[in-house]
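FYI, the numbering for the sequence shown is 5 to 52, going by our numbering.
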Amino acid sequence: MAGKEMHKAVCADCGKECEVPFKPDPSRPVYCRECWSKKRNSSPRRRF
5 MAGKEMHKAV CADCGKECEV PFKPDPSRPV YCRECWSKKR NSSPRRRF
């Protein structure tokens with residue numbers, strides 16, 4: 005991830021401050037690494 009500009013954000017689940025490799029969009033939720041991983045592992049996989 006060398007060279008990626010990091011942006012400060014606040015996790016929509018736990019409220020913890022975190023950094024993300026993209027510019028956060030105020031209309032969409034941002035999650036810290038821990039909450040993102042919990043959400044990803046708990047949601048059923050969608051099949052297309």
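Built from N, CA and C at the ideal position, the CB exists for glycine as well.
Nothing here was measured: the structure is a model prediction, and the numbers come from that model.
Three-state class that DSSP yields for Lys42 in the structure shown: In the three-state reduction of the DSSP assignment, Lys42 falls in the helix class.
Residues in the same chain with beta-carbon distance under 6 Å from Cys36, minus the five sequence neighbours each way, listed in chain order, please. Correct list, in chain order: Cys15, Lys20 and Cys22.
Express the C-alpha separation of Asp17 and Cys39 in angstroms, rounding to a whole number. Straight-line Cα distance between these residues: approximately 7 Å.
Pick out whichever of Pro33, Arg32 and His11 has its Cα sitting closest to the Cα of Phe26. Out of Pro33, Arg32 and His11, His11 has the C-alpha closest to the C-alpha of Phe26.
Terminal residues of the continuous beta strand (DSSP E) containing Ala13? Taken as a continuous stretch (DSSP letters only), the beta strand (DSSP E) holding Ala13 covers His11 to Val14.
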